[in-house]
Amino acid sequence: MAFYVVNYTYRADADLDSVRPDHRRFLGSLVETGMLRASGPLVDVTPPAAVLIFEAESAAQVEETLADDPFKKVDFIAGAEITEWNPVLGVFAS
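First residue of the sequence shown: 1, per UniProt numbering; consecutive thereafter.
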């Protein structure tokens, strides 16, 4: 297993509040499985954005999982960059 950081960028015209409860339920279910280790919005950025930290077998697995995100299904995500991450210090380090 490896860690992956996802940088989400949302469409500037997206009504995030209208779908946020479903999005957070979806992410909560990923936390319960242990796959999603942390997530949250970036503060005071335009366009809106967020960071998600996954522990998964591959970037492809993360991408496949995020295909079910309610924000993705309503086309609110302008970009989702998935990058493998090697934490060497702190709570995510081995």
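C-beta: ideal position from N, C-alpha, C; glycine also.
Ends of the alpha helix (DSSP H) at T46?
Premise fails: T46 is in no alpha helix (DSSP H) and is neither H nor E.
Nearest-angstrom Cα distance between T46 and T83?
Computed Cα separation, rounded: 21 Å.
Under the rule that 16 or more other beta-carbon atoms within 10 Å means buried, what is L89, buried or exposed?
Flag for L89 reads exposed.
What would DSSP say about S58, mapped onto helix, strand or coil?
Here S58 sits in coil by DSSP.
With 16 as the cutoff for other CB atoms within 10 Å, does D69 come out buried or exposed?
So D69 ends up on the buried side.
Is the beta carbon of Y4 less than 7 Å from the beta carbon of A56?
Yes. Within cutoff.
Would A50 be called buried (16 or more neighbouring beta carbons within 10 Å of its own) or exposed?
Under this definition A50 is a buried residue.
If you count every other CB in all the chains shown that lies within 10 Å of the CB of L52, and 16 or more means buried, which is it?
Label assigned to L52: buried.
Any idea what DSSP makes of V5, helix, strand or coil?
In the structure shown, V5 sits in a strand (DSSP, three-state: E or B).
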